[in-house]
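So the sequence shown is residues 613 to 874, counted in our numbering.
Read the structure below first, then the notes.
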Amino acid sequence: MINKLVNALRPLVKKVIGPSLRPFVNRIYFNFAGLLYTGDKVYCFCCQKKYSKFLPYRTYGHHTRQNAQCPGCGSLERHRLMMAFLQEKTEVFREKVNLLHFAPEDTLQRRFIKMQNIKYLSVDLFSPLAMQRMDIMDLPINDSTYDSILCNHVLAHVEDDRKAMRELYRILKVGGWALITTTINLSIQTFEQPGPLTKEEKLEFYGQEDLCRIYGHDIIDRLEETGFAVELVDYATQLPHSKFGEYGFNKDLMLYCRRNSK
Numbered sequence: 613m614i615n616k617l618v619n620a621l622r623p624l625v626k627k628v629i630g631p632s633l634r635p636f637v638n639r640i641y642f643n644f645a646g647l648l649y650t651g652d653k654v655y656c657f658c659c660q661k662k663y664s665k666f667l668p669y670r671t672y673g674h675h676t677r678q679n680a681q682c683p684g685c686g687s688l689e690r691h692r693l694m695m696a697f698l699q700e701k702t703e704v705f706r707e708k709v710n711l712l713h714f715a716p717e718d719t720l721q722r723r724f725i726k727m728q729n730i731k732y733l734s735v736d737l738f739s740p741l742a743m744q745r746m747d748i749m750d751l752p753i754n755d756s757t758y759d760s761i762l763c764n765h766v767l768a769h770v771e772d773d774r775k776a777m778r779e780l781y782r783i784l785k786v787g788g789w790a791l792i793t794t795t796i797n798l799s800i801q802t803f804e805q806p807g808p809l810t811k812e813e814k815l816e817f818y819g820q821e822d823l824c825r826i827y828g829h830d831i832i833d834r835l836e837e838t839g840f841a842v843e844l845v846d847y848a849t850q851l852p853h854s855k856f857g858e859y860g861f862n863k864d865l866m867l868y869c870r871r872n873s874k
């Protein structure tokens, strides 16, 4: 009932509350909701707590996904899947790393900031959560600075994604990696209309007014042309199906991109 009310009020809240205040309002809501859904049926890899259930989430286009949002921190399926991969398959929580995070999600950022082994920086052009304002296509960062990069659902929104990929490669140390996520349709080539396009045209072509393309299987080629060694990770299929409900994962593909040479 509470979640239905929140979803109904969400458009009004966005109009009344400015972008800079929304993260703090969300934290207050989730701190309260987490208390209401105490239990041990589901586990969130982001806030590392158990709850009685994950909540429905109303997406762009007013489609509602069930078992989607953590009541305690607000994480969604792709956030928990990525965090589980980082925890189980990388050393980011065990070794000293310089980590750069694009378009930070609040729940992920709060966890990374707490980690003593992580030297953390979040950047974005618009997000009020970002620690610094930066353009992914033109980063004021020295070559070979970062051990690890998180770029979660960013590249499809960038006008020149190849330029952004080159910047990611440039600032990574040799041996470093970037974990890149985006919606990928492996049955098609990347669909990209010549621009610039208006928001209305983007909505017509891509189904979302802030997208610049819909990626197909050739996103791997684009990254490899930049210099990355790319592994397409289908991490969700490596887990027992019974864990999907408990962890609230989706089946997003992830691109694990290593810089192996200068």
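For each residue, glycine too, the CB sits at the ideal point set by N, CA and C.
Because the structure is a prediction, the values reported are computed rather than measured.
Residue state for E700 is assigned as helix, using DSSP reduced to three classes. Around the beta carbon of V709, 16 or more other beta carbons lie within 10 angstroms, which makes this residue buried. Sequence-distant partners of K662 (beyond 5 residues in either direction) whose C-beta falls short of 7 Å from its own C-beta, in its chain, are G651, D652, V654, Y655. If you draw a straight line from the Cα of G857 to the Cα of N679, it is about 7 Å long. If you draw a straight line from the Cα of D718 to the Cα of A742, it comes to about 9 Å.
Taking all protein chains shown into account, K811 has fewer than 16 neighbouring C-beta atoms within 10 Å of its C-beta and is therefore exposed. Residue pairing for V654: DSSP places it in a beta bridge opposite Y663. Between R870 and E843, the gap from beta carbon to beta carbon is short of 9 Å. Membership of G819 in any alpha helix (DSSP H) is not indicated, and neither H nor E is assigned to it by DSSP. Within the same chain, and ignoring the five residues on either side of F840 in sequence, the residues whose Cβ sits closer than 7 Å to its Cβ are Y781, C869, R870, R871. Taking the Cα positions, L865 is about 24 Å away from K814. By the Cβ rule, the stretch 751 to 758 does not count as touching the stretch 720 to 727, because fewer than three pairs are nearer than 8 Å. I792 sits in a strand when the DSSP states are folded into three classes. According to the DSSP assignment, I730 belongs to the beta strand (DSSP E) that extends over 730 to 736. Close CB contacts of R692 within its chain, under the 7 Å cut and outside five residues either way in sequence, are with C656, F657, C658, Y859, G860, F861 (chain order).
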